[in-house]
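Peer 1: Counting in our numbering, the sequence shown runs from 12 upward without gaps.
From the three backbone atoms N, C-alpha and C, an ideal C-beta is built for every residue, glycine too.
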Amino acid sequence: MIGKNRINKIKTMAWGLGMAAMMIATHGMAGDSDAAKAATQARKPFVFQKMDADGDGKVAAAEFQAHRTTWFKEIDANGDGKLTADEYVKDQQGRFKDMDTNSDGVVVVEEYAAFFCGPETRMDKAANPAKTDKTTLFETMDANNDTYVTVPECAAYRIVIFRQLDANGDGKLTPEEFASDARFTAMDANKDNTVTKDEFDATGVNKPRDTRVSQTNLPRAH
Ligand SMILES: [Ca+2]
Ligand SMILES: [Ca+2]
Ligand SMILES: [Ca+2]
Ligand SMILES: [Ca+2]
12 MIGKNRINKI
22 KTMAWGLGMA
32 AMMIATHGMA
42 GDSDAAKAAT
52 QARKPFVFQK
62 MDADGDGKVA
72 AAEFQAHRTT
82 WFKEIDANGD
92 GKLTADEYVK
102 DQQGRFKDMD
112 TNSDGVVVVE
122 EYAAFFCGPE
132 TRMDKAANPA
142 KTDKTTLFET
152 MDANNDTYVT
162 VPECAAYRIV
172 IFRQLDANGD
182 GKLTPEEFAS
192 DARFTAMDAN
202 KDNTVTKDEF
212 DATGVNKPRD
222 TRVSQTNLPR
232 AH
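(1) Among Tyr123, Met198, Phe195, which one has its Cα closest to the Cα of Arg106?
(2) How long is the line joining the alpha carbons of Phe127 and Lys93, rounded to whole angstroms?
(3) I'd like to check one pair, Val100 with Leu184: are the Cβ atoms closer than 7 Å?
(4) Restricting to Cα atoms, I'd like to know which of Val58, Glu188, Ile86 is closest to Gly116.
(5) Can you name, in chain order, every residue of its own chain whose Cβ lies under 8 Å from the Cβ of Phe173, other than the five neighbours on each side?
(6) Give the DSSP bridge partners of Ala71, in chain order.
(7) Classify Thr196 as helix, strand or coil using the three-state DSSP reduction.
(8) From the DSSP output, in three-state form, read off Val10 for me.
(9) Have a look at His78 and Lys61 and give me their C-alpha separation to the nearest angstrom.
(10) Would the C-beta of Glu164 count as close to ligand 4, meaning under 6 Å from any of its heavy atoms?
(11) Indicate the three-state DSSP secondary structure (helix, strand or coil) for Lys61 in the structure shown.
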């Protein structure tokens, strides 16, 4: 049986080889703006890579939370510590452009998963994680409950979310399907049209307030 670490090493090698091939191809087509654009997109770190701060190929809850804190600050364009629907949708529109690597105005599942989990993400489109009582994003992504999220777990999760976002089920996300304010509204627990860091965190690693609370994960007083 091949260990997970070895599989990850092989994947990293394959990814490196793919990148090398792409760079050679790009070099051979100097002046081709599509190829140049594709190479630029490929060099952008994907979300998993950004989250995995210590580069061990696994995302721990602390790494996940640190990334979300950084992301919250990015979304909060005016820096007042709260998100408006406008700030959120603008960020999502920017993400959509980054995902749409072939710039055809729609995002297919491969583009979507690559944005989050990496360019060499293997697609198991039949992936259908079992229903659980997990309530946070991190717990949901960590399918095998080992307190880390791996690239395959990232991919399995993203394929499911892609299907949810693809409202008309045509296999393509439009900017409207992806960058709607529906998720903003869902995060805005007290419905005051702003999302605070506490509300934002409630969907990430911390338990939402309305679910069972364990002694080790008490909600913060507010
Ligand atoms: Ca890590
Ligand atoms: Ca703001
Ligand atoms: Ca596309
Ligand atoms: Ca895991």
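Peer 2: Per the coordinate set shown:
(1) Tyr123
(2) 24 Å
(3) no
(4) Glu188
(5) Val120, Tyr123, Ala124, Leu184
(6) Tyr159
(7) helix
(8) Lying before the first or after the last residue shown, residue 10 is absent from the chain, which here runs from 12 to 233.
(9) 7 Å
(10) yes
(11) helix
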